[in-house]
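For the sequence shown, the residue numbers in my numbering are 9 to 470. Using N, Cα and C, we set each Cβ at its ideal position, and we do this for glycine too. Reading through the structure tokens given below for one structure.
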Amino acid sequence: MMRTFMQKAVLGMAFLLTPLSLMAAEFSAENLAQAKALAEKAGKSELAYQLDESLSTEVGPRRVGTPGDKAGIEWAVAKMKALGFDRVWTETVTTPGWERGDISVEAVSPFPQRMVAIALGGSVPTPADGIEAQVVAFPNLDALKAAEAGSLKGKIAYIGYQMKPSIDGADYGVAGKQRYLGSEVAASKGASAVLIRSVGTDNDRIGHTGAQGDKSTIPAAALSIPDADLLESMMKRSDKVTLKINISSRKTADVKTANVIGEVTGTERPEDFVVLGSHLDSWDVGTGAVDDGMGVAITMAAAKHIIDSGKKPKRSIRVILFGAEEIGLYGVKQYYEKHKDKLGNHIIGAEWDSGTRMIHQLRPGVGEKSLAAIKQMAELLKPYGVALHPSNSAKGQSDISVLGKAGMPAINFDSDLTDYFDYHHTENDTMANVPPETMRQASAVYTAFAWLTANSLIDFRK
Numbered sequence: 009m010m011r012t013f014m015q016k017a018v019l020g021m022a023f024l025l026t027p028l029s030l031m032a033a034e035f036s037a038e039n040l041a042q043a044k045a046l047a048e049k050a051g052k053s054e055l056a057y058q059l060d061e062s063l064s065t066e067v068g069p070r071r072v073g074t075p076g077d078k079a080g081i082e083w084a085v086a087k088m089k090a091l092g093f094d095r096v097w098t099e100t101v102t103t104p105g106w107e108r109g110d111i112s113v114e115a116v117s118p119f120p121q122r123m124v125a126i127a128l129g130g131s132v133p134t135p136a137d138g139i140e141a142q143v144v145a146f147p148n149l150d151a152l153k154a155a156e157a158g159s160l161k162g163k164i165a166y167i168g169y170q171m172k173p174s175i176d177g178a179d180y181g182v183a184g185k186q187r188y189l190g191s192e193v194a195a196s197k198g199a200s201a202v203l204i205r206s207v208g209t210d211n212d213r214i215g216h217t218g219a220q221g222d223k224s225t226i227p228a229a230a231l232s233i234p235d236a237d238l239l240e241s242m243m244k245r246s247d248k249v250t251l252k253i254n255i256s257s258r259k260t261a262d263v264k265t266a267n268v269i270g271e272v273t274g275t276e277r278p279e280d281f282v283v284l285g286s287h288l289d290s291w292d293v294g295t296g297a298v299d300d301g302m303g304v305a306i307t308m309a310a311a312k313h314i315i316d317s318g319k320k321p322k323r324s325i326r327v328i329l330f331g332a333e334e335i336g337l338y339g340v341k342q343y344y345e346k347h348k349d350k351l352g353n354h355i356i357g358a359e360w361d362s363g364t365r366m367i368h369q370l371r372p373g374v375g376e377k378s379l380a381a382i383k384q385m386a387e388l389l390k391p392y393g394v395a396l397h398p399s400n401s402a403k404g405q406s407d408i409s410v411l412g413k414a415g416m417p418a419i420n421f422d423s424d425l426t427d428y429f430d431y432h433h434t435e436n437d438t439m440a441n442v443p444p445e446t447m448r449q450a451s452a453v454y455t456a457f458a459w460l461t462a463n464s465l466i467d468f469r470k
């Protein structure tokens, strides 16, 4: 009995003498209980869906530099104020300007047919009477890179890489390079223009647009997937297929847009904040309901659920709707330059910018001692179908990844991306492809994340 008592005493003293720096950081039982209650309420709310429906109906597409972009900024400021955020402001972002114009693509010979295509972001125009030339096909970007310099002079290059669907969208990184670098590489081989197979996984006769690199100097467009198939069928039958492309897109002077920021002010450390990110801009096809209207709505709704609870977190919650993500992450890059001296006040962040299906896993990117708290968070989110990924290297999605790579801890809430690239950057980016159940689940997850992290004093860098 005495030995047992002495053993317990020694263990107790050892615990008391253990430096705080070596102890695992955990959320309090009270904090967890509050987060659970908030998540349950958020998971039954239609607010996120309603916000997305409002944005996509009242504003619609929001490509940088367009009236829709300006209207989106005004919508976000007014909506955040109406939702009860403590502070709402904008920060100006400067970006390159571009106008889409019109496009036509047709097979001239040997099988005359109209084709469906869309200009890639930043494309330069063709001459007024278009470009009529023979097509030279390449299965992927690497094959195009291997072509001899000057071998494509006076010809149209076609890159036929076919993206493969998967739950994690892993092939988007490879497929996206065909779009991002295709024009630059084709131009270096002497091509007059470049066409790519749309970066998507659908079979709809609509093109998938998207950004190119800064060095794009020749007209560039994406064929719809059925038309890419059609072109390849033609080229199996003839070694000389001629197309005519006419694009009136053009680059313009720089334009102004903005990051829109709303804050719920903390009680103990208001200068420190948890970041909920999304991007407000979209492409000028569809209504931007999916990419990234969903993220805008989910993050705003998460903050609103906390506001409506009547509870104040210890740290602030900063909802950032970044501008100009689609054309090269301009909004977050300029945000970083403005706030990099206070990056240490950015405690942890998470973004929604991918998927229409529900979140299936949590991937952390935090300090080792903080993993205990993240495991608690994952346990709380289990009823919502969210599993903890064993890795600890996440940097955040899209905009947040810029801050994550600069040192801010981050969480990736990964949704099922199996069919996301059916709609991505197309006319089908509409509310018809926004599932209400995803919005409810994501609202629960992001509300719990925001409350747990903001209502604790854990240093997630450690």
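Whole runs of the beta strand (DSSP E) within the stretch 317–343, excluding any shorter than 3 residues
Within the stretch 317–343, the complete beta strand (DSSP E) segments at least 3 residues long are 323–330, listed from N- to C-terminus.
Ignoring anything shorter than 3 residues, give me the beta strand (DSSP E) runs that lie fully in the stretch 90–157, in order along the chain.
Here the runs fully enclosed are 95–107, 111–117, 121–123, 125–127 and 139–146.
Local conformation of Arg448 per DSSP, three classes
Taking the first residue of the sequence shown as position 1, residue 448 is located at position 440. Here Arg448 carries a helix assignment [DSSP, helix/strand/coil].
Taking the straight line between their C-alpha atoms, what separation do you get for Gln342 and Gly336?
As a first step, residue 342 is located in the sequence shown; it is residue number 334 there, counting from the start. As a first step, residue 336 is located in the sequence shown; it is residue number 328 there, counting from the start. Roughly 11 Å between the two C-alpha positions.
Using the three-state DSSP reduction, which class does Ile226 fall into: helix, strand or coil?
Residue 226 sits at position 218 when you count from the first residue of the sequence shown. Three-state result, Ile226: coil.
Report yes if the CB atom of Ser159 is closer than 8 Å to the CB atom of Lys197, and no otherwise.
Walking along the sequence shown from the start, residue 159 turns up at place 151. Walking along the sequence shown from the start, residue 197 turns up at place 189. Yes, they are a contact pair.
Looking only at its chain, what residues have a beta carbon closer than 8 Å to the beta carbon of Ala261, apart from the 5 residues adjacent to it on each side?
For the purposes of this step, residue 261 is identified with residue 253 of the sequence shown, where counting begins at 1. Gly105, listed in sequence order.
What is the rounded straight-line gap between the Cα of Pro69 and the Cα of Val293?
The residue you call residue 69 lines up with position 61 of the sequence shown. The residue you call residue 293 lines up with position 285 of the sequence shown. If you take the alpha carbons of Pro69 and Val293, they lie about 6 Å apart.
Figure out for me which residue from Glu82, Tyr454, Trp459 and Leu63 has the closest Cα to the Cα of Ile306.
For the purposes of this step, residue 306 is taken as the residue at position 298 of the sequence shown. Of the listed residues, the one whose Cα sits closest to Ile306 is Tyr454.
Val85 - DSSP class collapsed to helix/strand/coil:
Translated into positions along the sequence shown, residue 85 becomes position 77. Helix.
Nearest by alpha-carbon distance to Lys320: which of Asn420, Ala381, Ala402 and Ser464 is it?
In the sequence shown, residue 320 corresponds to position 312, counting from 1. The alpha carbon of Lys320 has as its nearest neighbour, out of Asn420, Ala381, Ala402 and Ser464, the alpha carbon of Ser464.
Straight-line Cα distance separating Gln121 from Leu251:
Counting from one through the sequence shown, the residue named residue 251 turns up at place 243. Counting from one through the sequence shown, the residue named residue 121 turns up at place 113. The alpha-carbon atoms of Leu251 and Gln121 are separated by roughly 9 Å.
Taking only runs that begin and end inside the stretch 185–215, name each unbroken beta strand (DSSP E) of 3 or more residues, in chain order.
Those beta strand (DSSP E) runs which fall completely within the stretch 185–215 and span 3+ residues are 201–205.
Enclosing alpha helix (DSSP H) for Val410 [first to last residue]
By one-based count along the sequence shown, residue 410 stands at place 402. Ser406 to Lys413 is the span of the alpha helix (DSSP H), which, as asked, contains Val410.
Note the first and the last residue of the continuous beta strand (DSSP E) segment covering Arg258.
For this step, residue 258 is matched to residue 250 along the sequence shown. First-last of the beta strand (DSSP E) with Arg258: Arg258 to Val272.
Under the three-state DSSP convention, the category Glu48 falls into
For the purposes of this step, residue 48 is taken as residue 40 along the sequence shown, with counting starting at 1. Three-state result, Glu48: helix.
Could you check how far apart the C-beta atoms of Gly221 and Leu189 are, in whole angstroms? I think they sit under 8 Å.
The residue given as residue 221 occupies position 213 in the sequence shown. The residue given as residue 189 occupies position 181 in the sequence shown. Under the criterion of beta carbons closer than 8 Å, Gly221 and Leu189 qualify as touching, at roughly 6 Å.
When you compare each of Lys87, Ala456 and Thr434 to Ala45 by their alpha carbons, which one comes out closest?
The residue you call residue 45 lines up with position 37 of the sequence shown. When only C-alpha atoms are compared, the closest one is Ala456.
Going along the chain, which residues of its own chain have a beta-carbon closer than 7 Å to the beta-carbon of Arg108, five neighbours each way excluded?
Reading the sequence shown from its first residue, position 100 is the one you call residue 108. Counting only Cβ-Cβ distances below 7 Å, and skipping sequence neighbours, we find Ala127, Ser257 and Asp292.
Do Ser64 and Ser451 come within 8 Å of each other at the CB atom, strictly closer than that value?
Residue 451 sits at position 443 when you count from the first residue of the sequence shown. Residue 64 sits at position 56 when you count from the first residue of the sequence shown. The answer is no: Cβ separation not under 8 Å.
Could you give the residue range of the beta strand (DSSP E) that holds Pro69?
Along the sequence shown, read from residue 1 onward, the residue named residue 69 stands at position 61. Per DSSP, Pro69 belongs to no beta strand (DSSP E) and is neither H nor E.
Contact defined as beta carbons within less than 8 Å: I believe Val327 pairs with Leu284. What is the distance between those atoms, to the nearest angstrom?
Mapped onto the sequence shown, residue 327 falls at position 319. Mapped onto the sequence shown, residue 284 falls at position 276. Right, their Cβ atoms sit about 5 Å apart.
If I'm right that Asp77 touches Thr265 with Cβ under 8 Å, what's the distance once you round it to whole angstroms?
The residue labelled residue 77 in the question sits at position 69 within the sequence shown. The residue labelled residue 265 in the question sits at position 257 within the sequence shown. Between Thr265 and Asp77 the Cβ distance is about 6 Å, and since that is below 8 Å, they are a contact.
Below 8 Å, how does it come out for the stretch 273–288 and the stretch 201–208: are there three or more Cβ pairs, yes or no?
Too few Cβ pairs lie closer than 8 Å, so no.
So, with DSSP's three-state summary, where would you put His397?
Residue 397 sits at position 389 when you count from the first residue of the sequence shown. Three-state DSSP puts His397 in coil, outside helix and strand.
Could you pull out every residue in the same chain whose Cβ sits closer than 8 Å to the Cβ of Glu99, ignoring the five residues on either side in sequence?
As a working note, residue 99 is residue 91 in the sequence shown. Ala266, Asn267, Ile269, Gln342, Tyr343 and Lys346.
How about Ser362 and Ser409: do their beta carbons lie closer than 8 Å?
Position 354 of the sequence shown, counted from the first residue, corresponds to residue 362. Position 401 of the sequence shown, counted from the first residue, corresponds to residue 409. In this structure, Ser409 does not lie closer than 8 Å to Ser362 by Cβ.
Can you tell me the Cα-Cα spacing of Asp300 and Ser246, whole angstroms?
Residue 300 sits at position 292 when you count from the first residue of the sequence shown. Residue 246 sits at position 238 when you count from the first residue of the sequence shown. Rounded to the nearest whole angstrom, the C-alpha separation of Asp300 and Ser246 is 42 Å.
Please classify Lys244: is it buried, with 16 or more other beta-carbons within 10 angstroms of its beta-carbon, or exposed?
Within the sequence shown, numbered from 1, the residue matching residue 244 stands at position 236. An exposed status is given to Lys244, since fewer than 16 other beta-carbon atoms sit within 10 Å of its beta-carbon.
Proximity below 8 Å, CB of Leu288 to CB of Gly80:
Position 280 of the sequence shown, counting from 1, holds the residue named residue 288. Position 72 of the sequence shown, counting from 1, holds the residue named residue 80. Against a cut-off of 8 Å, the Cβ pair of Gly80 and Leu288 comes out as a contact.
Thinking C-beta only, is Ala358 closer than 8 Å to Ser418?
In the sequence shown, counting from the first residue as 1, residue 418 sits at position 410. In the sequence shown, counting from the first residue as 1, residue 358 sits at position 350. With the sequence shown as reference, residue 418 is identified as Ala, and Ser is not the correct amino acid for it. Yes, the Cβ-Cβ distance between Ala418 and Ala358 is below 8 Å.
Can you tell me where the alpha helix (DSSP H) with Lys244 in it begins and where it stops?
Position 236 of the sequence shown holds residue 244. Run containing Lys244: Ile233 to Arg245, per the alpha helix (DSSP H) assignment.
Could you tell me which of Leu238, Glu140 and Lys383 sits nearest to Gly168, measuring between CA atoms?
The sequence position of residue 168 within the sequence shown is 160, counting from 1. Taking only the C-alpha atoms, the option nearest Gly168 is Leu238.
Rounded C-alpha distance that separates Met439 from Ala155
As a position in the sequence shown, residue 439 is number 431, starting the count at 1. As a position in the sequence shown, residue 155 is number 147, starting the count at 1. The straight-line gap separating the alpha-carbon atoms of Met439 and Ala155 is approximately 43 Å.
How far does the alpha helix (DSSP H) with Ala381 in it reach, from first residue to last?
Within the sequence shown, numbered from 1, the residue matching residue 381 stands at position 373. Element bounds for Ala381: Leu379 to Leu389.
Given this structure, state the Cα-to-Cα distance separating Pro391 from Val144, to the nearest angstrom.
In the sequence shown, the residue the question calls residue 391 occupies position 383. In the sequence shown, the residue the question calls residue 144 occupies position 136. Each residue's Cα considered, the two are about 53 Å apart.
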